Structure formats: C-alpha cells, structure tokens
Amino acid sequence: MKILGVSGSPIYNSNTDRALKVALEATGLETEFLKLREYTITPCRACIGCVETNRCVNIQDDGIMLAEKVKEADALIIACYTPYSSLDSLTKAFLERLYPLRHKHGFMAGKPGGVIVTGAIPDTKKALPPACDMAIQAIMFYMMEEGMNFVGAVKILGNVPCIKCGYGNECKTSGIKMIYGNEATVQSVGVNTFEEQLDAFHAARELGEKMASALKKKI
Ligand SMILES: Cc1cc2nc3c(=O)[nH]c(=O)nc-3n(C[C@H](O)[C@H](O)[C@H](O)COP(=O)(O)O)c2cc1C
1 MKILGVSGSP
11 IYNSNTDRAL
21 KVALEATGLE
31 TEFLKLREYT
41 ITPCRACIGC
51 VETNRCVNIQ
61 DDGIMLAEKV
71 KEADALIIAC
81 YTPYSSLDSL
91 TKAFLERLYP
101 LRHKHGFMAG
111 KPGGVIVTGA
121 IPDTKKALPP
131 ACDMAIQAIM
141 FYMMEEGMNF
151 VGAVKILGNV
161 PCIKCGYGNE
171 CKTSGIKMIY
181 GNEATVQSVG
191 VNTFEEQLDA
201 FHAARELGEK
211 MASALKKKI
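Heads up: the sequence shown is residues 1 to 219, going by this note's numbering.
Okay, structure coming up:
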C-alpha cells in the first residue's frame, strides 16, 4: 500500500511541504513525496484524446508520468497554497492532467484522498476571502467527481509574502496592512510556522492516521 503526497507549494521546505511530510509519516505506510515545481505540467487542452487509452496523447510533458504515479498509488494527499485566494495554478494543472484516469475505468474510485492547504489569511478575518476554504473545495470536488473517499482537510496559517519582501511596512499594497490593519508591521505580525500551530500539527498527523485506516478498511 502506497500513499502519494503531492505538494504544489513552490517554496522549498515550505509550511505546506512540512505539513504534508508530517501527514505522510503518520500513515505508517510506504509513502512518496512529490514537489510539483520540479516538473513541467501544462494544463489539460480538453482534446478528450485520453478517452480510449486513459493516457494523455496531446501534451508531452511530466503530466503523463505524474498521472501514472497517481494511478499506481493507493491513496493521495494533495497539498497546495492559495495565491489570490484560490487553489494555486500548478496544483490545478496537475489535477486537470489526472483526467485520463477517469474514463471507463474510474481508476481513482474508492481511493482515500486528503487535502492540506496553506493560506495567509487567518480564519478570524471574515471580511477577507476564505482562500483556504476555496482551495479545499476545489480539491474536494475533484475527489468527489472521481468517486474518491475524501478523508479530510487541514488548514495551515502561512505567511503573506510582504513579510519578507523588504517593503511590508511602507508598500501601498502591503498585504500585512490589508490583513492585519494599518497599524500592523512586519515585526508585529511575525512569521508563522506550521510546527508552532499545534492544532494544525495534530490535524496533519490525524489526517495521515485516518488515511491509513481508510486504506486498510478498503483492502
Ligand atoms: C502571488 C501570491 C499571492 C498570494 N495571495 C494570497 C491570498 O490571496 N490569500 C492567501 O491566503 N494567501 C495568499 N498568498 C500567501 C500564500 O498562501 C502563502 O505565502 C503561503 O504561506 C505559502 O505557503 P508555503 O509557505 O507553504 O509555501 C499569496 C502568495 C503569493 C506568492
């Protein structure tokens, strides 16, 4: 039994990556971690050429190999981040390229699926877009449409890029001010790390454990 973990976060060793690794480790099963930025993944061209062969016949990039890996895995955890309040485009392109696994056979049906999402907007900021929830929904609906067993989702509070750009305190469009108010500064907001968010840390472990038990029940 193998659980595949796929991270769409472009930052190496990001909060998203580390949370995914915690979840994978908690499964106690064989796992593989994939970082999407290391691959070339073009969005689906909707040619429907994959219907007969369950394989992309239009785009010669890493999307074909990644779809094969997903097909061979027994369960899938997708981790992403939320630029402009939605699922990041690399993860979205990756999902689109899983379309060949659908036709006639439904290769993903019944497989346990989990989601990990990092966003910079705290859940308490109700006036701002619910970025994590929107990304979770996008992935959850993919899993639902493929007949997968959606096991759960974990939200992590990440960092607005303005924390480290060097102009976070004075930029007219500072995300720090947008999220935390005009008085907020780089220093007052600070850096969010996954490991310090104990609820998220435990939720990531729990997701891994639930994935393993869903998989054992299935087999
Ligand atoms: C171009 C860009 C736009 C972003 N827009 C949003 C946003 O609208 N909402 C949000 O919650 N986070 C936004 N973020 C912040 C990311 O979600 C945040 O950097 C996240 O912590 C990255 O995850 P990582 O640290 O695991 O890589 C944005 C980041 C980038 C680079």
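We treat Cβ as the ideally placed atom computed from N, Cα and C, and that holds for glycine. This structure is a prediction, so every number in the text was calculated from the model and none was measured.
Residue environment, residue i, which counts as buried when at least 16 other CB atoms sit within 10 Å
i      : result
LYS21  : buried
GLY158 : buried
ASP123 : exposed
LEU198 : exposed
ILE219 : exposed
LYS92  : buried
LYS155 : buried
THR27  : buried
GLY106 : exposed
GLY181 : exposed
VAL151 : buried
Same chain, Cβ closer than 6 Å to residue i, neighbours up to 5 away in sequence not counted
i      : result
LEU90  : GLY8, LEU36
LEU215 : MET1, ASP74, ALA75, PRO112
ALA138 : LEU87
VAL189 : ILE176, TYR180
GLU32  : LEU4
LEU95  : TYR142
Contact check, residue i vs residue j, beta carbons under 8 Å
i      : j      : result
LEU66  : GLY113 : no
ILE136 : VAL160 : no
ILE116 : ALA204 : yes
GLY166 : SER174 : no
GLY143 : ALA153 : Here residue 143 is Met; the residue named in the question, Gly, does not match the sequence. Not closer than 8 Å, so no.
CYS132 : PRO100 : no
GLY208 : GLU25  : yes
ASP61  : THR40  : yes
ALA23  : ALA200 : no
HIS103 : ASN54  : yes
CYS56  : ILE48  : no
Nonlocal neighbours in the same chain, by C-beta distance under 7 Å from residue i, ignoring five residues either side
i      : result
LEU128 : ILE121, ILE179
VAL70  : LEU4, LEU76, LEU98, LEU101
CYS171 : CYS162
VAL186 : ILE163, GLY168, ASN169, ILE176
LEU68  : Note that residue 68 is Glu in the sequence shown here, rather than Leu. Excluding sequence neighbours, GLU68 sits near nothing in its chain.
Residues near residue i by beta carbon distance below 8 Å, same chain, minus five either side
i      : result
ALA109 : GLU146, GLY147, MET148
SER14  : SER7, TYR81, THR118, GLY158
GLU183 : none
LYS125 : ILE179
GLU195 : ARG18, PHE201
MET134 : THR82, SER85, SER86, LEU87
Cβ of residue i within 8 Å of any chain C Cβ
i     : result
ASP62 : Absence of chain C from the displayed structure is noted, only one protein chain being present.
- Query: Per the contact definition of three or more C-beta pairs closer than 8 Å, is the region 73-80 in contact with the region 41-52?
  - Reply: No, the region 41-52 does not touch the region 73-80.
- Task: With ligand 1 as the reference, list in chain order each residue whose Cβ lies under 6 Å from any of its heavy atoms.
- Result: Chain-ordered, the residues whose CB falls short of 6 Å from any heavy atom of ligand 1 come out as SER9, ILE11, SER14, ASN15, THR16, TYR81, THR82, PRO83, TYR84, SER85, THR118, GLY119, ALA120, ILE121, ALA131, GLY158, ASN159, VAL160, PRO161.
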